[in-house]
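Student:
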Amino acid sequence: MVDINRIISELKRGVAEIIDEERVVSLVKNFYEKGENFYVKAGFDPTAPDLHLGHSVVLTKMAFLQKHGAIVQFLIGDFTGQIGDPSGKSATRKKLDKAQVLKNAKTYEEQVFKILDPEKTIIMFNSTWCNELGAAGIIELTSTFAVARMLERDDFEKRYKAGNSISISEFMYPLLQGYDSVAMKCDIEMGGTDQKFNLLMGRTLQRTYNIGKEQAVIMMPLLEGLDGVNKMSKSLGNYIGVTDPANDMFAKTLSISDELMWRWYELLSIKSNDEISKLKDSVNNGTYHPKKAKEDLALEITARYHGDEMAQNAKAEFDKIHSENKIPTELDEFSTNAPAWVVEALVLCKLSPTNSQARRDINANAVSINQQKISDEQLKLGVGEYILQVGKRKFAKLKVI
1 MVDINRIISE LKRGVAEIID EERVVSLVKN FYEKGENFYV KAGFDPTAPD
51 LHLGHSVVLT KMAFLQKHGA IVQFLIGDFT GQIGDPSGKS ATRKKLDKAQ
101 VLKNAKTYEE QVFKILDPEK TIIMFNSTWC NELGAAGIIE LTSTFAVARM
151 LERDDFEKRY KAGNSISISE FMYPLLQGYD SVAMKCDIEM GGTDQKFNLL
201 MGRTLQRTYN IGKEQAVIMM PLLEGLDGVN KMSKSLGNYI GVTDPANDMF
251 AKTLSISDEL MWRWYELLSI KSNDEISKLK DSVNNGTYHP KKAKEDLALE
301 ITARYHGDEM AQNAKAEFDK IHSENKIPTE LDEFSTNAPA WVVEALVLCK
351 LSPTNSQARR DINANAVSIN QQKISDEQLK LGVGEYILQV GKRKFAKLKV
401 I
């Protein structure tokens with residue numbers, strides 16, 4: 001006998017909000033009692049070429065639902081991506097080139113199946129129906145929603161009161177995202193908490209266009225990045241990309257705080273509630289070290305994108321560098337002419353972003369040459385080969401000629 005309550009409890013782990021939970025429960029029940037599948041939508045605008053772990057929060061929850069009757073409609077917003085989602089933005093976004101959008105979309109198709117079951121996933125593009133709307137369809141769509149209500153949206157309201165520009169195309173974005181739900185006839189739409197206005201628009205337009213159903217909404221929180229403070233973002237540099245090398249993915253995961261570790265377990269792990277609860281109890285009673293718990297999380301995440309063998313190799317490489325104080329097997333190599341000023345060498349080897357930061361790294365006793373700490377920021381390197389290191393994880397080989 002399938003325990004529906006347990007399934008819903010697992011589903012709700014980490015969820016910020018569910019609108020129309022009764023419908024979600026009935027969809028899962030119908031699958032087990034009648035064999036009826038249901039359709040879950042999530043839309044991603046291909047505004048950048050790669051997904052990161054922040055994107056995977058929604059995907060991981062969708063993969064869970066696939067085990068319990070969901071057919072995932074993975075929507076690539078190749079049409080809306082050219083407008084740009086105004087959610088959380090204080091200014092109009094730069095319009096993206098169609099060729100770049102399509103190129104990014106291709107990488108999304110390749111990356112999502114690291115998480116989703118391809119046999120239970122339909123890849124869709126909203127240009128399919130948006131291009132067919134035509135002028136008459138667009139005018140009809142705009143007539144379904146009032147400007148006053150659009151301006152109630154928090155980010156629009158702030159920009160309007162501040163006298164900042166809001167383009168008409170930005171008003172169109174939530175309408176077009178909502179129309180996606182009409183065209184796709186989805187039962188559930190998922191997204192981040194920053195998408196609430198857009199997600200509710202889907203419910204509104206399904207009702208307006210009378211398609212015979214009204215989608216439930218499941219909202220996931222925004223994942224905190226490596227810094228444990230800000231949401232994971234490429235622009236902030238606090239992210240782990242799903243295409244990052246295994247060694248980097250493993251090491252970056254180990255760099256998060258113990259507190260953030262449990263948040264990542266909640267939002268990224270496929271372990272059950274009971275398994276995670278037992279892990280926490282073991283850490284609290286001292287029978288399971290927090291470092292081991294973090295290693296296990298790093299292994300799980302790395303294996304998801306690179307396989308078990310690569311994950312174990314990444315752990316071995318990490319241990320080799322940190323526990324055994326050895327040099328990595330593979331190093332980026334650079335060359336320069338003698339004499340090489342150590343500060344410029346660190347920047348050349350991409351170990352420090354600027355000369356100023358390189359000086360700070362040296363003064364903080366974070367720089368080693370051939371595994372020997374240095375403190376002289378005026379040091380000049382003669383002809384030879386050197387292993388440069390900043391901190392525990394950044395290495396490079398420099399050939400001075």
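In terms of the UniProt record's numbering, the sequence shown opens at residue 1 and continues consecutively. All C-beta atoms in this analysis are idealised placements derived from N, C-alpha and C, irrespective of residue type, glycine included.
1) Taking the C-alpha atoms as reference points, what is the distance between Ala314 and Leu176?
2) State buried or exposed for Asn131, treating a residue as buried only when at least 16 other CB atoms are found within 10 Å of its CB.
3) Could you check the C-alpha separation between Leu222 and Gly382 for me, to the nearest Å?
4) Does the distance from the CB of Ile218 to the CB of Phe38 come in under 8 Å?
5) Considering only C-alpha positions, which residue in the set Ile321, Glu259, Ser277 is nearest to Lys291?
6) Assuming Ile76 contacts Ala105 (C-beta within less than 8 Å), just tell me the rounded distance between them.
7) Can you say whether Gln389 is buried or exposed, counting buried as having 16 or more other CB atoms within 10 angstroms of its CB?
8) Among the residues of its own chain, which have a CB less than 7 Å from the CB of Glu317, if the five just before and after it don't count?
9) How many Å lie between Ile240 and Ala136 at the Cα?
10) Would you call the segment 351 to 371 and the segment 390 to 398 in contact, with 3 or more CB pairs under 8 Å?
11) Which value, in whole angstroms, describes the spacing of the CA atoms of Pro245 and Glu152?
12) Distance, Cα to Cα, Ile71 vs Glu17?
13) Could you spell out where the alpha helix (DSSP H) holding Tyr160 opens and where it closes?
14) How would you label Ile362, buried or exposed, when you count the other beta carbons within 10 angstroms and need 16 or more for buried?
15) What is the DSSP secondary structure of Ser90, reduced to helix, strand or coil?
16) Contact between the segment 350 to 358 and the segment 296 to 311 is defined here as three or more beta-carbon pairs at a separation below 8 Å; is this criterion met?
17) Would you grab the beta carbon distance between Leu268 and Thr107 for me? Rounded to a whole angstrom, and I think it's under 8 Å.
18) Compare the C-alpha of Glu344 against each of Met184, Ile321, Gln378, His322 and name the closest.
19) Could you spell out the range, first to last residue, of the alpha helix (DSSP H) harbouring Glu300?
20) Considering only residues of the same chain and omitting the five flanking positions on each side of Thr204, which have a CB-CB separation below 8 Å?
21) Buried or exposed, going by whether 16 or more other CB atoms sit within 10 Å of the CB of Glu170?
22) Mapping DSSP to helix, strand and coil, what is Gly69?
Tutor: Short version:
1) 43 Å
2) exposed
3) 49 Å
4) no
5) Glu259
6) 5 Å
7) buried
8) Asn247, Pro328, Thr329
9) 43 Å
10) yes
11) 43 Å
12) 21 Å
13) 154 to 161
14) buried
15) Because the pLDDT of Ser90 is 43, which lies under 50, any placement of that residue in the model is unreliable, and the number read from its coordinates should be weighed accordingly. The answer is coil: DSSP assigns Ser90 none of H, G, I, E or B.
16) no
17) Rounded, the Cβ-Cβ distance is 21 Å, inconsistent with contact.
18) Gln378
19) 290 to 306
20) Thr144, Phe145, Gly178
21) buried
22) coil
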